[in-house]
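Visitor: Protein chains in written order, with my numbering: chain A, 80 to 381; chain B, 80 to 381.
Here a beta-carbon is modelled for each residue, glycine too, at the ideal position from N, C-alpha and C.
2 protein chains.
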Amino acid sequence: MLKRVQDLEKLAKQTKAKTMAVVFAQDEFVIEAVMRAAEIGVVKPILIGDLEKIESYLPKHHDLKIVNQAEPDLAAKAAMDMVNSGEAEIVMKGLIDTKVLLKAVVNKEYGIRNQKLLSHVGIVSYPDFDRVLFATDGAMNIEPSVEDKILIIENAVKLARAIGYIEPKVGIVSAVEKVNDKILSTVHAQAILDYYKNNEPKGFLIDGPFAIDNLVSQESVIHKGLEGPVAGKADILLFPNLDAGNVFYKTSVFLARGLSAGVIIGAKVPIVLTSRADSAEAKLYSILLAVVSQHGLLATDN
Amino acid sequence: MLKRVQDLEKLAKQTKAKTMAVVFAQDEFVIEAVMRAAEIGVVKPILIGDLEKIESYLPKHHDLKIVNQAEPDLAAKAAMDMVNSGEAEIVMKGLIDTKVLLKAVVNKEYGIRNQKLLSHVGIVSYPDFDRVLFATDGAMNIEPSVEDKILIIENAVKLARAIGYIEPKVGIVSAVEKVNDKILSTVHAQAILDYYKNNEPKGFLIDGPFAIDNLVSQESVIHKGLEGPVAGKADILLFPNLDAGNVFYKTSVFLARGLSAGVIIGAKVPIVLTSRADSAEAKLYSILLAVVSQHGLLATDN
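1. Quick check on M124/A: buried or exposed, where buried means 16 or more other Cβ atoms within 10 Å of its Cβ?
2. I need the DSSP call for G324/B, collapsed to helix, strand or coil.
3. Along the alpha helix (DSSP H) that carries K276/A, what are the first and last residues, could you check?
4. Within a Cβ cutoff of 6 Å, which residues of the same chain sit near V185/A, ignoring the five residues on either side of it in sequence?
5. Just how far apart, CA to CA, sit A167/B and H302/A?
6. Going along chain A in order, which residues have a C-beta closer than 9 Å to the C-beta of H267/B?
7. By Cβ distance, which residues of its chain are closer than 6 Å to A235/B, with the 5 residues on each side in sequence left out?
8. Alpha carbon to alpha carbon, how far is P138/B from A323/A? Give it in angstroms, no decimals.
9. Determine the burial state of R434/A: buried for a count of at least 16 other Cβ atoms within 10 Å of its Cβ, exposed for fewer.
10. For M80/B, count neighbouring C-beta atoms within 10 Å of its own C-beta (all shown protein chains included) and say buried if the count is 16 or more, exposed if not.
11. Considering only the alpha carbon of each residue, which of K362/B, G287/B and I231/B lies closest to N220/B?
12. Got a sec? Which residues, its chain only, sit under 7 Å from A112/B by beta carbon, not counting five neighbours each side?
13. Excluding the five sequence neighbours on either side, which residues of its own chain have a C-beta within less than 6 Å of the C-beta of M99/A, listed in chain order?
14. Can you give, in chain order, each stretch of the alpha helix (DSSP H) that sits fully within the segment 101–186 of chain A and has at least 4 residues?
15. What are the boundary residues of the beta strand (DSSP E) that includes V84/A?
16. Which chain A residues are close to G173/B, counting only those with a beta carbon under 9 Å from its beta carbon?
17. Indicate whether at least one CB of chain A lies closer than 8 Å to the CB of Y205/B.
18. So which residues on chain B does R336/A lean against when the C-beta distance must stay under 8 Å?
19. With a threshold of 8 Å on Cβ separation, who are the neighbours of T258/B within its own chain once the five nearest residues in sequence on each side are excluded?
20. Is the closest heavy atom of the ligand NAP to the C-beta of S339/B under 7 Å?
21. So that I know if they touch, is there some Cβ in chain A lying closer than 8 Å to that of S253/B?
22. Quick one: measure Cβ to Cβ for I419/A and P151/A, integer angstroms, because I've assumed they're closer than 8 Å.
23. Find the nearest neighbour of A346/A within the set K156/A, G190/A, V211/A and V102/A, judged by alpha-carbon distance.
24. Should D380/A go down as buried or exposed, given a rule of 16 or more other Cβ atoms within 10 Å for buried?
25. Would you say H302/B reaches chain A, if we count a Cβ-Cβ gap shorter than 8 Å as a contact?
26. For S354/A and E188/A, I'd like the C-alpha separation in whole angstroms.
27. Rounded to a whole number of angstroms, what is the C-alpha to C-alpha distance between E246/A and G341/A?
28. From I350/B, K195/B, V332/B and K89/B, pick the residue whose C-alpha is nearest to that of E226/B; which is it?
29. Would you mind giving the Cβ-Cβ distance between L294/A and G243/A, rounded to the nearest angstrom? I have them listed as a contact below 8 Å.
30. Kindly give me the distance between the Cβ atoms of A155/A and L130/A, rounded to whole angstroms, as I take these residues to be in contact under 8 Å.
31. Check the Cβ of P319/B against every Cβ in chain A and list those closer than 9 Å, keeping chain order.
32. Near A96/B, what residues of its chain come up, given a Cβ to Cβ distance below 7 Å and the 5 sequence neighbours on each side ignored?
33. Just mark Q148/A as buried or exposed, buried being the case when its beta carbon has 16 or more other beta carbons within 10 Å.
34. Give me the subset of the segment 103–127 of chain B whose CB atoms are less than 7 Å from a CB atom of chain A, sorted by chain position.
35. Evaluate K248/B with the Cβ neighbour count: other Cβ atoms within 10 Å of its Cβ, from every protein chain shown; 16 or more gives buried, anything less gives exposed.
This is how it looks when you write it as structure tokens:
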């Protein structure tokens, strides 16, 4: 169990440095985070993009590999080719439009998707809470169906197991604990549990629906008289939809002063897709999360 | 502007003590909160319910008014009658099913609803944030329509103005800042803004859609290049639906260690509707919020 997002640094240093293709690297803050990750020895970056602009953000003497490609589509394709050839073990988004990068990821000819669905998994730790929480999906999937949610769960479980969780506890988030026909998230929760009654979950526990308090507070669980292995002890929170997941992630970072990291799962390699609003720290930790998960993801895939 | 939920105590003490009908008061924690509020002199409670049970939670010598009524429907009706006669200025839910109480509130003969829609407004303050945030609606309205959301906004504005905000800033919450046909919360945000183009907002400012960071963090607003009077400075957060609002409220309390209070607005008097999971502190602050708002709500109604 990961206690703090900061612990990713120690874990990352225990693995072999990973090659990372940065698509459209010509961004001051992206380069800053990549350089920090390279300095601590956990990634070997390949910076793809506008050579002149990239070099303007780098010190005069550096040993970073740069691939000059000023066309966004072609820069994204170059990264996919590197993954397919084994040259890149992680992909990171730079100053390229997210849509352009993801279009390349799912391209049927040269894309790198290896699951039916790509999803974002964020992890957050708090100044005053005993463990890291995995939140999915507050960044990619807008209104996932029950089938989508099952894939989102399995992507998050794959990530958690890749970074060392033996049996992560998945809690299905709603506003209430009772199934109510008028609250879609509870109906979905019931359908997901029904699915796992017929298809035993492999390497994780799952329960729901729960409001947030009954996933993170033993006191609330006792108050409510709830039972089971997930109540009060969840590791992975499955959110009803993009809005609710995003509210959780942003509230955690901007009001709860949490530390966060995030990656996209569902492709052959982890994809680091930070946003401008992420701090340099959050960008670095997202790279570290990709590094730590990459080895485990390969292991569980094969 | 309220900096901390704790500041409600000082404000409440400045007003005349309010009579408060507690429906089915036979609950240890409800009585504890009511007694504390009575001790600091801000409410005069009328405890409605099972006399014997109520007295079992009270000291032998007390001067609290008790109305013996062991039937839930009739206990709720008794409270409504007290509001209609002017005997009660606040209603508080005790050990009664929320549905039974609300059925009485909206009853056409003796009910006390005075707006088309009842909604919950929570307020939260954080250990490390400069102001209180109003969150609506994370407790009552499941999937509000655009029309419902306009009423929810106006209920929250009424509350904020009643406790002293001259021109509260309302931010419409989503996961993103751009209107996207696939994200209903952004489509609703646009429709709400369009409505207020034709119906000038009275005594408040409104803008959206915004993700949480761009409602509470000036740094994020600058990063994103956003403008306007609400970005980064919101007082009232309008959530897309029950799930998202509930996630915000619970994350604020249980992970961000926020202090909270909440009331239902849309009836002739504020309704205090705390849940078992609320701490004694949260229950007390909800009573104080009702006390402080009650005077102002009357003023704005007339």
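Guide: Considering the structure as presented:
1. As a working mapping, residue 124/A is identified with position 45 in the first sequence. A small fix is needed here, since residue 124/A is Pro in this sequence, not Met. With 16 or more other Cβ atoms inside 10 Å of its own Cβ, P124/A counts as buried.
2. The residue you call residue 324/B lines up with position 245 of the second sequence. The three-state reading of DSSP puts G324/B in helix, counting H, G and I together.
3. Along the first sequence, read from residue 1 onward, the residue named residue 276/A stands at position 197. Counted as a single uninterrupted DSSP element, the alpha helix (DSSP H) harbouring K276/A occupies residues L263 to N277.
4. In the first sequence, residue 185/A corresponds to position 106, counting from 1. Around V185/A: R192.
5. Counting from one through the second sequence, the residue named residue 167/B turns up at place 88. Counting from one through the first sequence, the residue named residue 302/A turns up at place 223. If I take the Cα positions, the gap works out to 30 Å.
6. Translated into the one-based positions of the second sequence, residue 267/B becomes position 188. What H267/B touches in chain A: nothing, since even the nearest Cβ is about 11 Å away.
7. As a first step, residue 235/B is located in the second sequence; it is residue number 156 there, counting from the start. So the qualifying residues of the chain are V200, F213, T215 and I315.
8. Residue 323/A sits at position 244 when you count from the first residue of the first sequence. Residue 138/B sits at position 59 when you count from the first residue of the second sequence. For A323/A and P138/B, the distance between alpha carbons rounds to 45 Å.
9. The displayed coordinates of chain A run from 80 to 381. Any statement about residue 434/A would go beyond what the structure contains.
10. Start at 1 with the first residue of the second sequence, and residue 80/B comes out as number 1. Under a 10 Å Cβ-count criterion, M80/B is classified as exposed, with fewer than 16 other Cβ atoms of the shown protein chains found around its own Cβ.
11. One-based indexing of the second sequence puts residue 220/B at position 141. Distance from the Cα of N220/B is smallest, within the candidate group K362/B, G287/B and I231/B, for I231/B.
12. Here residue 112/B refers to the residue found at position 33 when the second sequence is read from its first residue. Excluding sequence neighbours, A112/B sits near A359, K362, L363 and I366.
13. Taking the first sequence and counting its residues from 1, the one referred to as residue 99/A is at position 20. Excluding sequence positions up to five before and after M99/A, its CB lies within less than 6 Å of the CB of V122, P124, I169 and M171, all in the same chain and listed in chain order.
14. List check, alpha helix (DSSP H) in window: 107–118, 130–135, 151–164 and 177–184.
15. Here the question's residue 84/A lines up with position 5 in the first sequence. Counting along the chain, V84/A falls outside any beta strand (DSSP E), and DSSP gives it neither H nor E.
16. Here residue 173/B is taken as the residue at index 94 of the second sequence, counted from 1. Contact of G173/B with chain A by beta-carbon distance below 9 Å is absent, the smallest such distance being about 16 Å.
17. In the second sequence, the residue the question calls residue 205/B occupies position 126. Yes, Y205/B counts as interfacial toward chain A.
18. By one-based count along the first sequence, residue 336/A stands at place 257. Going along chain B in sequence order, the residues near R336/A (Cβ under 8 Å) are D207 and A335.
19. Counted from its first residue, the second sequence places residue 258/B at position 179. Reading off the sequence shown, one finds Val at residue 258/B, where the question assumed Thr. Closer than 8 Å at the Cβ level, and outside the excluded window around V258/B, lie T265, V266, A268, Q269 and P288.
20. The model on display carries no ligand, and the ligand NAP is accordingly not part of it.
21. The count along the second sequence starts at 1 and reaches residue 253/B at position 174. The beta carbon of S253/B falls within 8 Å of a beta carbon belonging to chain A, placing the residue at that interface.
22. In this structure chain A extends from 80 to 381, so residue 419/A is not present and cannot be described.
23. Start at 1 with the first residue of the first sequence, and residue 346/A comes out as number 267. In terms of CA proximity to A346/A, G190/A leads the group K156/A, G190/A, V211/A and V102/A.
24. The sequence position of residue 380/A within the first sequence is 301, counting from 1. Confidence at D380/A is low in this model, with a pLDDT of 48, below 50, so its placement is unreliable and the value that follows should be read with caution. Exposed is the call here.
25. Taking the second sequence and counting its residues from 1, one reaches residue 302/B at position 223. Between H302/B and chain A, the shortest Cβ-Cβ separation is below 8 Å.
26. What you label residue 354/A is simply residue 275 of the first sequence in a count that begins at 1. What you label residue 188/A is simply residue 109 of the first sequence in a count that begins at 1. Rounded to whole angstroms, S354/A to E188/A spans 28 Å at the Cα level.
27. Start at 1 with the first residue of the first sequence, and residue 246/A comes out as number 167. Start at 1 with the first residue of the first sequence, and residue 341/A comes out as number 262. Approximately 20 Å, taken between the alpha carbons.
28. Stepping through the second sequence from its first residue, residue 226/B is reached at position 147. Closest option to E226/B, judged by alpha-carbon separation, among I350/B, K195/B, V332/B and K89/B: K195/B.
29. Position 215 of the first sequence, counting from 1, holds the residue named residue 294/A. Position 164 of the first sequence, counting from 1, holds the residue named residue 243/A. The C-beta distance from L294/A to G243/A rounds to 21 Å, too long to meet the 8 Å contact threshold.
30. Start at 1 with the first residue of the first sequence, and residue 155/A comes out as number 76. Start at 1 with the first residue of the first sequence, and residue 130/A comes out as number 51. With a Cβ gap of about 17 Å, A155/A and L130/A do not count as contacting.
31. By 1-based counting over the second sequence, the position of residue 319/B is 240. Within chain A, the residues placing a beta-carbon under 9 Å from that of P319/B are N320, D322, A323 and V326, ordered along the chain.
32. The residue labelled residue 96/B in the question sits at position 17 within the second sequence. The beta carbon of A96/B sits closer than 7 Å to the beta carbons of G120, V121, V122 and K123 from its chain, once the five residues preceding and following it are set aside; these are given in chain order.
33. Counting from 1 along the first sequence, the entry for residue 148/A is found at position 69. Result: buried.
34. Of all residues in the segment 103–127 of chain B, none has a Cβ within less than 7 Å of some Cβ in chain A.
35. Taking the first residue of the second sequence as 1, we reach residue 248/B at position 169. Counting the other Cβ atoms within 10 Å of the Cβ of K248/B gives 16 or more, which makes it buried.
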